[in-house]
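The C-terminal position of the sequence shown is numbered 686 in numbering that gives the first Met the number 0, with every residue numbered one higher than the one before it. Below is one structure; the comments refer to it alone.
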Amino acid sequence: MAKIDQVRNLGVVAHIDAGKTTVSERFLFHSGKIHKVGEVHDGETEMDWMEQERERGITITAAATTFEWKKHEIHLIDTPGHVDFTIEVERSLRVLDGAVVVFCGVAGVQPQSETVWHQADKFKVPRLAFINKLDRVGASFPGAVADIRDRLGANAVPIQMPIGSEDAFSGAIDLVRQKAIMFTGDVTDTPEIVDIPSELVGPAADARDQMIQALADLDDAIALKYLEGQDLTVGELDAAIRKAPIAVKMVPVLGGTALRNKGIHPLLDAVIAYLPSPADVPPVQGVDPRTIGKDGGAEKLTRAPKNSEPFAALAFKIAMDEGRKVVFMRIFSGMIEPGAEVLNVRTGKKEKVARLFHVHANKRERLERGVAGEIVAAAGLKDATTGDTVCDPKSPILLERIDTYEPVISQAIEAENQAAKERLDFALAKMAEEDPTFRTHDDPDTGQTLIRGMGELHLEIIVDRMKREYGVQARAGKPQVVFRETVLGEGEGHAVFERSSSASGKEQPIYGEATCRVSHRPRGSGMEFKRALPASAVLPDNIVQAAMQGLRDAASSGPDGYPLEDVEVTLTNLVLQDGANGEIGSRAAAAEAFRRAVGNASPSRLEPIMAVEVTVDDEFMGAIIGDLNQRRGQVQEVGSRGAKRLVSALVPLRNMFGYSTRLRSLSEGRATFSMLFNAYDTLQSAA
């Protein structure tokens with residue numbers, strides 16, 4: 000077992016088709032973890048182990064493994080690049096200490112590149128950038144670096160300079176050590192370290208000077224020696240480069256072509272040299288769940304990455320193994336052994352860890368102990384879900400949960416008979432446990448089951464898994480957009496609820512009278528519930544709380560039954576009646592007052608708007624833009640990337656179904672597109 004300063008928790012993230020899984024496969028092969036190189040295009044990779052992944056050549060679920068490189072233990076997570084599975088990236092980055100972001104040397108920064116970059120920004124994850132596919136026609140290392148700086152606002156600093164370009168790409172100059180690294184491309188060869196070719200000595204010196212200037216802007220010691228004209232040692236430069244990404248102030252950039260085995264060894268060396276160990280990151284922060292008050296405040300706690308600290312871990316992924324739950328967790332502090340009792344802070348229940356594993360894709364290796372800084376899988380935690388904190392029952396701590404995403408698309412699923420319906424419900428429940436962006440709902444009016452997810456591919460994979468893994472045959476309808484609702488103005492509602500009850504054996508009146516006001520909030524700001532009762536209204540706290548709960552219950556959906564958002568709700572008056580049950584009455588009256596207020600505040604549907612980027616030859620530009628306009632798209636920008644043109648537009652999701660087929664037709668198969676969720680907007684303005 001490696002010392003904590005020799006551990007790296009690493010993610011590989013990228014836009015789809017940038018070569019991310021190929022990079023991960025080469026890591027495993029060159030480290031000796033696997034002995035045969037698997038290729039994505041052949042459907043033979045280790046990390047893409049699901050049948051659907053191998054058939055489609057894409058990563059669908061984040062896959063974990065552990066391997067060694069130069070006496071360091073690297074816990075690697077290979078994440079999906081497709082936008083429909085972005086939750087896999089989000090929850091992986093939440094528990095990682097560093098990441099390699101892979102960019103295509105031809106395409107540069109692509110839409111999903113931006114998404115994963117901003118996700119890494121959110122969690123302040125130190126990064127290395129790897130410019131891949133430098134052997135491809137049109138590849139440009141300087142162009143990709145400029146793209147990272149311009150589109151991502153990142154302080155991208157090359158620590159290598161490529162030797163040759165496109166099919167002549169043969170090596171890289173290590174700007175720190177001032178040596179040339181020559182790649183043979185042979186899968187079994189290690190790179191040859193030689194002197195810099197004479198014709199490249201001048202350009203390499205210029206590139207090294209630019210690297211040192213970038214470091215001098217961040218490090219006073221480097222700046223002082225640089226300004227005084229003193230030579231900087233390899234050790235000084237290595238220390239400065241390591242310090243900058245750990246502080247999230249710089250992104251070292253390397254290059255290569257993973258498919259041809261060029262650049263993998265230097266990239267692995269950079270991972271252990273410049274990315275942090277668990278000991279290098281600040282202690283994880285949380286709160287004492289025993290001190291959480293009604294206002295949400297609580298005593299703050301921290302846990303250092305030490306085995307001597309109380310055990311604390313975050314469950315970041317759930318997987319099903321033949322129907323049994325396996326919980327992936329990052330241990331932030333302490334140690335855990337099979338048979339140990341842990342507390343699930345969300346449920347307040349104690350559970351026993353039955354077994355611990357290191358995972359290699361879909362294979363498992365038993366562990367006798369999990370220690371601080373490790374990523375492990377656990378069996379036996381039946382109640383755990385994504386984002387749960389599990390910890391020492393004697394020293395509870397609640398860690399920050401993992402944000403999820405709301406579905407934007409739905410599809411009706413109908414079982415053939417009641418027996419099939421029971422199997423369907425079981426399968427969907429298991430898959431919903433694994434995937435927090437997947438939701439199910441039974442429609443009482445039609446008897447159909449509605450499944451909701453992040454896109455057409457997401458639901459297509461769900462339906463396919465349902466048939467293959469669970470043997471459930473069901474009829475699937477066409478995908479539909481998931482709408483939401485809001486109010487565009489302000490409105491007030493008043494309601495009286497008056498009933499009688501004989502539940503206790505004698506007649507008892509139930510009475511409540513409530514008034515509330517609703518108003519529009521800025522888009523994306525969420526719901527807010529307030530009270531502004533008259534000063535003369537002296538009411539028991541349980542009555543006011545019941546009325547507020549009535550407002551929250553009613554606000555779960557709008558007039559058309561869709562989720563409601565971006566509304567300010569204010570309880571403005573409550574009236575009770577002597578001798579009546581005011582708790583039930585106030586809750587019911589407040590709910591009805593809310594519904595009336597919404598009806599008076601110009602309710603409106605919202606629909607998902609997608610950011611669409613099309614890469615196309617110039618000759619097809621007119622047809623592409625005309626088609627986007629017909630889909631009620633708003634073209635935001637037309638630019639260039641090499642010989643290709645880029646069209647960026649905002650388009651309602653409901654108008655994008657079947658777009659890939661139409662795009663192939665319009666461009667003779669020579670255009671590609673990507674689509675990301677942008678925002679919800681009103682139907683009127685979207686049109």
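Note that CB positions come from ideal geometry on N, CA and C, so glycine has one too.
Less than 8 Å separating the beta-carbons of residue i and residue j?
i, j, result
"V407", "L652", "yes"
"P157", "V252", "yes"
"Q177", "R150", "no"
"K351", "G338", "yes"
"H357", "T65", "yes"
"F437", "A431", "yes"
"R126", "E165", "no"
"V22", "F129", "yes"
"M465", "A426", "yes"
"D237", "A272", "yes"
"V124", "V11", "no"
"P304", "S332", "yes"
"F593", "G492", "yes"
"Q111", "H14", "yes"
Tell me whether residue i is buried or exposed, calling it buried when 16 or more other Cβ atoms sit within 10 Å of its Cβ.
i, result
"R467", "exposed"
"R483", "buried"
"T346", "exposed"
"S603", "buried"
"K324", "buried"
"V233", "exposed"
"D540", "exposed"
"K316", "buried"
"G632", "buried"
"A678", "exposed"
"T514", "buried"
"L687", "Any property of residue 687 remains undetermined from this structure, which presents the chain solely from 0 to 686."
"N343", "buried"
"L9", "buried"
"A213", "buried"
"D41", "Interpretation of D41 is limited by its pLDDT of 48, a score under 50 that renders its predicted location unreliable; the figure taken from the coordinates is listed afterwards. The residue in question, D41, is exposed, as its Cβ has fewer than 16 Cβ neighbours within 10 Å."
"G657", "exposed"
"L573", "buried"
"H34", "exposed"
"D47", "In this prediction, D47 scores a pLDDT of 48, lower than 50, which makes its location untrustworthy; no coordinate-derived value is stated."
"Y729", "Nothing about residue 729 can be read from this structure; the chain reaches only from 0 to 686."
"S666", "buried"
"I192", "exposed"
"P196", "exposed"
Among all the DSSP beta bridges, which residues are the ones paired with residue i?
i, result
"Q479", "S409"
"Q507", "S500"
"V374", "The question names Val, yet the displayed sequence has Ile at residue 374. Bridge partners of I374: R329."
"E24", "According to DSSP, E24 bridges with nothing at all."
"Q633", "L649"
"D173", "Q159, K178"
"V136", "According to DSSP, V136 bridges with nothing at all."
"W116", "In the DSSP output, where bridge partners are listed per residue, W116 has none listed."
"E512", "V495, V574"
"L75", "L9, T64"
"E489", "S518"
"P602", "V486"
Relative to the C-alpha of residue i, which candidate in the options has its C-alpha closest?
i, options, result
"H519", "R148, G488, N306", "G488"
"G490", "V480, M547, V481, V566", "V566"
"R530", "V517, A426, G454", "V517"
"E67", "T671, Q5, V105", "Q5"
"D194", "G201, I180, D205, A204", "I180"
"T189", "V486, H264, Y510", "H264"
"A119", "T85, G107, Q548, A138", "T85"
"S659", "E455, P508, S535, Y561", "E455"
"I450", "Q410, H457, F425", "Q410"
"I330", "E298, V375, K349", "V375"
"V280", "M249, P244, D287", "P244"
"A145", "V250, S169, I162, D218", "V250"
"R727", "V495, T388, L217, P521", "No information on residue 727 is available, as it lies outside the stretch 0 to 686 that the chain covers here."
"F327", "D434, L267, E405, N154", "D434"
"L532", "Q544, G523, G525, A153", "Q544"
"P521", "G638, I240, T681, T671", "T681"
**Asked** Counting only runs that start and end within the segment 388-468, where is the alpha helix (DSSP H) found for 4 or more residues in a row?
**Response** 417-433
**Asked** Which full runs of the alpha helix (DSSP H) of 4+ residues lie inside the segment 222-304, going along the chain?
**Response** If we require 4 residues or more, the alpha helix (DSSP H) runs fully inside the segment 222-304 come out as 233-245, 263-273.
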